[in-house]
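Here the structure comes first, spelled out in structure tokens, and everything after it is commentary.
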Amino acid sequence: MKVQGKMFIWLSVFVLAMAIVYGWWSKEPAGTTALFLAFGLCIMIGYYLAFTARRVDAAAQDNKEADVADEAGEVGFFSPHSWQPLSLAIGGALAFMGVVFGWWLLYFSFPILMIGLFGWVFEYYRGENQTQ
Numbered sequence: 001m002k003v004q005g006k007m008f009i010w011l012s013v014f015v016l017a018m019a020i021v022y023g024w025w026s027k028e029p030a031g032t033t034a035l036f037l038a039f040g041l042c043i044m045i046g047y048y049l050a051f052t053a054r055r056v057d058a059a060a061q062d063n064k065e066a067d068v069a070d071e072a073g074e075v076g077f078f079s080p081h082s083w084q085p086l087s088l089a090i091g092g093a094l095a096f097m098g099v100v101f102g103w104w105l106l107y108f109s110f111p112i113l114m115i116g117l118f119g120w121v122f123e124y125y126r127g128e129n130q131t132q
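Here the sequence shown is numbered in the UniProt record's numbering, starting from 1 and rising by one per residue.
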């Protein structure tokens with residue numbers, strides 16, 4: 001994790017320098033703003049990774065003498081299946097169509113979005129996957 005944190009912090013320094021040069025050279029506000037926002041995102045991710053790296057055990061990638069096999073094992077828990085993203089996608093599509101066709105369509109999309117959101121958050125608290 002220390003390596004990734006340093007990479008993102010150095011990337012943020014590069015993006016900041018490019019934002020300053022781009023803003024000074026082009027005098028174009030949209031691209032300059034996008035580059036400064038990219039700097040903010042890079043610095044947030046870099047700070048988070050560097051902050052977290054101090055609180056967790058050193059990974060194999062932090063050891064210069066480590067082999068590839070040292071990182072073998074369980075990576076984490078990944079959900080095998082879920083229908084909730086489908087309901088969120090349908091609700092989101094209806095919400096964005098509400099912008100095009102009329103704001104009244106948001107009244108139909110909001111309940112679908114809420115069902116999908118609550119279902120996704122609480123899917124491991126009930127049903128067949130309760131004990132996982």
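Beta carbons are placed, not taken as given, at the ideal position from N, Cα and C, and that holds for glycine.
None of these values were measured; they are calculated from a predicted model.
Query, Result
"Provide the residue span of the alpha helix (DSSP H) that contains residue 17, from first to last.", "2 to 26"
"For a quick check, are the C-beta atoms of residue 116 and residue 87 less than 7 Å apart?", "yes"
"Residue 95 and residue 109 - do their beta-carbons sit closer together than 7 Å?", "yes"
"Starting from the N-terminal side, write out each stretch of the alpha helix (DSSP H) that is 4 residues or longer and does not extend beyond the region 32 to 103.", "84 to 101"
"Where do the N-terminal and C-terminal ends of the alpha helix (DSSP H) with residue 122 fall, by residue?", "Per DSSP, residue 122 belongs to no alpha helix (DSSP H) and is neither H nor E."
"Taking the C-alpha atoms as reference points, what is the distance between residue 62 and residue 112?", "45 Å"
"Say whether the region 22 to 35 touches the region 43 to 55, bearing in mind that this needs 3 or more beta-carbon pairs closer than 8 Å, one atom from each stretch.", "no"
"Can you give me the Cβ contacts of residue 38 inside the same chain, cut-off strictly under 6 Å, excluding the 5 residues immediately before and after it?", "15"
"Kindly indicate which residue of 7, 85, 99 and 45 has the alpha-carbon position closest to the one of residue 122.", "85"
"Taking Cβ positions, are residue 97 and residue 105 nearer each other than 7 Å?", "yes"
"Quick check: what's the CA-CA separation for residue 77 versus residue 19?", "38 Å"
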